[in-house]
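Letter by letter, the sequence shown follows residues 2 to 157 in our numbering.
What follows is a short report on a single structure.
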Amino acid sequence: MTVLTPSPNPTRILTRSATRNILQLLAPAFNNSVYLATIFQKLLSTTTLFLFFRAYFFSLMLLQQSYYLTSALLMQSYYASRFTYWISSIAARGGYWGAKKSLGMSWKALEPLRQKLFKEFMIFILGSGNGFILAIFWPGWIVVGPTVWGVWFMCG
2 MTVLTPSPNP TRILTRSATR NILQLLAPAF NNSVYLATIF QKLLSTTTLF
52 LFFRAYFFSL MLLQQSYYLT SALLMQSYYA SRFTYWISSI AARGGYWGAK
102 KSLGMSWKAL EPLRQKLFKE FMIFILGSGN GFILAIFWPG WIVVGPTVWG
152 VWFMCG
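Below is the structure:
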């Protein structure tokens with residue numbers, strides 16, 4: 002058996018009459034399906050358009066409501082910050098006044114103790130037998146020291 006041998010069953014060629022018979026059989030189905038397809042397409046387009054408009058209006062409403070809510074929150078936070086600033090300034094002024102008063106009161110309360118300590122220090126330094134401490138704390142060293150250093154620097 003060769004590849005190029007003719008087929009034992011000859012192929013049938015559709016003629017115009019055979020095609021017309023098939024089309025006559027399928028014509029009602031095609032008509033109904035085309036009609037249903039156009040109805041479905043119109044229904045789908047109107048539904049899609051309706052959904053798009055609904056989504057558009059819903060997004061506009063959400064945007065508007067979020068704008069109002071944001072502006073209300075902004076105003077509330079502004080007033081809250083102003084109130085907090087006012088309260089903190091009052092507290093800071095009160096704290097400064099309290100610290101100043103307490104420091105002044107403690108300074109006055111410790112004045113007798115400071116006077117006693119100063120008296121004891123002067124008795125200790127200027128008392129008898131403390132010439133060495135008097136020589137160390139003598140204020141003249143501020144003048145004598147640089148003078149001696151200058152003479153030593155000049156004379157070499």
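Using N, Cα and C, we set each Cβ at its ideal position, and we do this for glycine too.
For Pro113, the uninterrupted alpha helix (DSSP H) segment begins and ends at Glu112 to Leu127.
Between the alpha carbons of Gln66 and Ala56 lies a gap of roughly 15 Å. Excluding its 5 nearest sequence neighbours in each direction, Lys120 has no C-beta neighbour in its own chain below 8 Å. In the structure shown, the three-state DSSP call for Phe154 is helix.
In this structure Ile126 is not in contact with Leu114, their Cβ atoms being roughly 19 Å apart against a cut-off of 8 Å.
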